[in-house]
Amino acid sequence: MIDRSKPPVDAVDRTKPLVEMRDISISFGGIKAVDHVSIDLYPGEVVGLLGHNGAGKSTLIKCLSGAYRKDAGQILINGQEVEINNPRDARDQNIETIYQTLALADNLDAASNLFLGREIKKRGIVDDAKMEAEARKIMGRLNPNFRKFSVPVSALSGGQRQSVAIARAVYFNAKILIMDEPTAALGPHETQMVAELIQELKAQGLGIFLIEHDIHNVMKLCDRASVMKNGQLVGTVNVKDVTDDDILGMIILGKKPAHLAA
Amino acid sequence: MSDQGLSAPGTAQRRSVIDTLEIDVRLLGMLMAFAAVAVVFTIWTGGTFVGPRNVFNIAVQTVPVAIMACGMVFVIVARHIDLSVGSMLAMCSAIMAMSQTTWLPSVFGTEYGNPAVLGVTVVIGLAFGTLMGAVTGWLVGYQRIPSFIVTLGGLFVWRNVNWFTTNGQSVSLTDPNLLMFGGTEGVLGATASWVLGLIAAAIAVWAIFASRRNKQSHGFIVKPVWAEAVMAGLIVGAILFFVGWLSRYPIPEAKLKRLFEAKGVVMPEGYTAMHGLPISVLILIAVGVVMTVVARKTTFGRYIFAMGGNPDAAELSGINTRALTVKIFALMGFLCALAALVAQARLQSHGNDIGMLEELRVIAAAVIGGTALAGGVGTIYGAILGALIMQSLQSGMAMVGVDTPFQNIVVGLVLIIAVWVDIIYRKRLGLSK
Ligand SMILES: Nc1ncnc2c1ncn2[C@@H]1O[C@H](COP(=O)(O)OP(=O)(O)OP(=O)(O)O)[C@@H](O)[C@H]1O
Ligand SMILES: [Mg+2]
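This is the structure:
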């Protein structure tokens, strides 16, 4: 969104998948947190990930963001198989993640967090003034009310922290964006801002995985929805073809609605 | 990182002087504690405490602990601890003592006191210290053994490997080139000290205004010029006072005579010379400056603080926290070796108990200086000041005849009280950590 030479919408090839996760499995001790799950994502598309608490949503996307190593399965980016062993590998693939737990260093200020791991340097020395100026620019667009640039982020509200985390993901030309419950801590106004942002990024051709519990938001923002239960994929549906109740049924009953099950 | 933002032009006048000067309140507290110690003992000793001679001695005695405390800040900020620094100091000291007196002379066939031998010795010592630290860091970072355990083990291991290295014997060290690192035997004299002091003052002023220009170039509101000028004035004043004071501490006549005799000339009648800055203090200042720059202005330092603030966030931000841990402990080991060099030069020998219990003083210095054991918070200048406060207390008490056991009791109490006051202060301000 910032400094991104906006690709014209139709220049993005929307017919080839950006991400394919095939047969992904990962277990902790005896628990199969993710059990042979396959999902994919196209450019300019928002795919919702739904399911009960503990269904395995965060764990699945952490295999993509490099926080966990999958036990089995393949990940393809633009049709090429890639190994993602740590967060640096994911960043190299232009994958940015907003974690459920936000993953901010509480003792550092907003700009230091925004640039953590990718500091702007001048002659080998971190250029705090420049980073703060950049942070002010992007925050001015994402959350114009944000003023607290010179205090540690521990002094920020949940919503303000969220906007720092979002700014970090958006600043660095992500092609694939993972958002794990980005609006969980937000008020209605901020939630609306995030929704607009998602639409804007989508229009630029990013692919977005959105983990979200609010069915209403899913129906509004997502093109497709993948539902998980007990580590397994229940199914993936086109949001246009289903109702709220169909999706709720998938989450609760763990099977696809009858009219799509064929 | 600490400007007042674009949005606060109207409020600037209403802020207090301390706010405007942007002095860290904690630093102010420590400076006041230090001043209190100085005033009490100055009155108690009828002025001797702040005399050039005692200021010189305190400065020289503080150096080894202060050097290590700088490294300990990084270790603690990263949520680790290093209990082995005293033993690592002893180990490095043993290696350097043996290599300069026995090993290298027998390999090269030179006499004790050969400057090349000393040079190689120092390199060996520093390399060995770094290696010891790196091993600790590997066990902690890659093998996930808690640093408390690894370094508690290290405390026992290195202390006793040290014993075997010298066969339990003390090694007397007389090489004048080595003794230069110790303090009294290695001073710059008045003129050179003044020159250095003026250069340092000029650099400090330049740094303050360069940082101001950088902020302005990005359109941030900066402190009023008078506030910058006051800060610059205070810093320049402190530097020149320190230099000036030490340059008034004369070298005893008997020693001057000896020095002249060693050169084979007769000392002119009425000749005097001043100590000036000790080389060991210069080493400490260099360590302090470099470590401060590393902490604030390099990604290495930034990552250490990020890791201390939230290890998961650091990892998820793509920081290799394991390698970072190795580097932190390796740096600690390096500084232990440097401290060992200064300590053995000051004591003019290597003894088995060199650096004994020093780990506790080093940790205490860092903590008194405001380093939070919970991680993520700490400053280099604080740790140096912490070491200085402890040494001043001890030296002051020794001067007025307080027994050693009681000195240690006071130091222990001061440690607890310093942290207690800090907790109360933070509660008042509503700060979480
Ligand atoms: N690091 C871990 N160690 C052990 N078990 C884990 C770990 N991470 C996740 N799990 C387990 O894996 C399962 C899936 O967890 P996950 O966090 O993916 O759920 P989720 O779908 O994101 O739930 P929520 O909606 O509550 O965020 C849970 O049973 C959880 O206890
Ligand atoms: Mg989750």
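Sequence order for the protein chains is A and B.
With our numbering, you'll find the first sequence wraps up at 273, consecutive numbering, no jumps.
With our numbering, you'll find the second sequence wraps up at 464, consecutive numbering, no jumps.
Every residue, glycine too, gets a C-beta built ideally from N, C-alpha and C.
Query                                                                                                                       : Result
For B/Ala449, the three-state DSSP class (helix, strand or coil)                                                            : helix
B/Arg244, DSSP secondary structure in three states                                                                          : helix
Rounded C-alpha distance that separates B/Pro146 from B/Ala221                                                              : 26 Å
Pairwise C-alpha distance: B/Ile411 and B/Gly9                                                                              : Residue 9 of chain B lies beyond the residue range present for chain B, which begins at 32 and ends at 464; the question has no answer from this structure.
Per DSSP, cross-strand counterpart(s) of B/Pro281                                                                           : B/Met305
Which listed residue (B/Glu284, B/Phe212, B/Met262 and B/Phe365) has its alpha carbon closest to that of B/Ala232           : B/Met262
From A/Ala166, A/Gly55, A/Thr112 and A/Met150, residue whose alpha carbon lies closest to that of A/Glu192                  : A/Thr112
Proximity test, Cβ basis, 8 Å: B/Ile9 and chain A                                                                           : The structure shown does not extend to residue 9 of chain B, since chain B is modelled only from 32 through 464, so no value can be given for it.
Cβ-Cβ separation, A/Arg25 to A/Ser49 (assumed contact under 8 Å), whole Å                                                   : About 20 Å; that fails the 8 Å criterion.
Exposure of A/Gly218, with buried meaning 16 or more beta-carbon neighbours within 10 Å                                     : buried
Nearest-angstrom Cβ-Cβ length linking B/Thr167 and B/Gly185, presumed shorter than 8 Å                                      : 6 Å
Beta-carbon separation (whole angstroms), A/Ile95 vs A/Gly67, contact threshold 8 Å                                         : With a Cβ gap of about 17 Å, A/Ile95 and A/Gly67 do not count as contacting.
Chain A within 8 Å of B/Gly36, Cβ atoms only                                                                                : Confidence at B/Gly36 is low in this model, with a pLDDT of 38, below 50, so the placement of that residue should be treated as unreliable; the coordinate-derived value is given next. By this cut-off, B/Gly36 is an interface position.
Pocket of ligand 1 defined by Cβ to heavy atom distance under 6 Å                                                           : A/Phe39, A/Ile42, A/Ala44, A/Gly62, A/Asn64, A/Gly65, A/Ala66, A/Gly67, A/Lys68, A/Ser69, A/Thr70 and A/Gln111
Residue-level contact to chain B via CB, A/Met96, 8 Å cutoff                                                                : The amino acid at residue 96 of chain A is misidentified as Met; the sequence shows Asn. Answer no: the Cβ-Cβ gap between A/Asn96 and chain B never drops below 8 Å.
Exposure of B/Asp113, with buried meaning 16 or more beta-carbon neighbours within 10 Å                                     : buried
Inter-residue spacing [alpha-carbon to alpha-carbon] between A/Lys231 and A/Ala122                                          : 32 Å
A/Ile187 to A/Glu56 span [Cα, whole Å]                                                                                      : 10 Å
Coil, strand or helix - B/Asp113 by DSSP                                                                                    : coil
Buried versus exposed call for B/Arg289 [16 or more other C-beta atoms within 10 Å across all chains shown]                 : exposed
Three-way DSSP call (helix, strand, coil) for A/Ser237 in this model                                                        : strand
Distance cut-off 7 Å: A/Asp191 Cβ against heavy atoms of ligand 2                                                           : yes
Proximity test, A/Ile274 beta-carbon vs ligand 2 heavy atom, cut-off 7 Å                                                    : As displayed, chain A neither begins before 12 nor continues past 273, which places residue 274 of chain A out of reach and without an answer.
Inter-residue spacing [alpha-carbon to alpha-carbon] between B/Thr152 and B/Asn208                                          : 12 Å
heavy atom of ligand 3 below 7 Å from A/Gln111 C-beta                                                                       : Within the structure as shown, ligand 3 is missing, the only ligands being ligand 1 and ligand 2.
Helix, strand or coil at B/Lys288 according to DSSP, with G and I counted as helix                                          : helix
A/Leu264 burial status per 10 Å Cβ neighbour count (16 or more: buried)                                                     : exposed
The region 329-341 of chain B: positions lying closer than 9 Å to chain A by Cβ                                             : Thr329, Thr330, Gly332, Arg333, Tyr334, Phe336, Ala337, Met338, Gly339, Gly340 and Asn341
Distance, B/Val324 Cα to B/Gly264 Cα                                                                                        : 21 Å
Status (buried if at least 16 other CB within 10 Å, exposed otherwise) for A/Arg134                                         : exposed
Within chain B, partners of A/Val137 - CB distance below 9 Å                                                                : Arg327, Lys328, Thr329, Thr330, Gly332 and Arg333
CA-to-CA distance, B/Thr141 to B/Lys464, given in whole angstroms                                                           : Because B/Lys464 sits at a pLDDT of 42, beneath the cut-off of 50, its placement in the model cannot be relied upon, and the point is left open.
Within 8 Å, strictly: CB atoms of B/Ala397 and B/Gly427                                                                     : no
Cβ neighbours of B/Phe105 in the same chain (closer than 6 Å, five flanking residues each side left out)                    : Ile335 and Ile359
Neighbour list for B/His249 in chain A, Cβ cutoff strictly below 8 Å                                                        : Ala140, Lys141, Glu143 and Ala144
Residues, ordered as in the chain, of the region 342-355 of chain B that lie near chain A by beta-carbon distance below 8 Å : Asp343, Ala344, Ala345, Glu346, Leu347, Ser348, Gly349, Ile350 and Asn351
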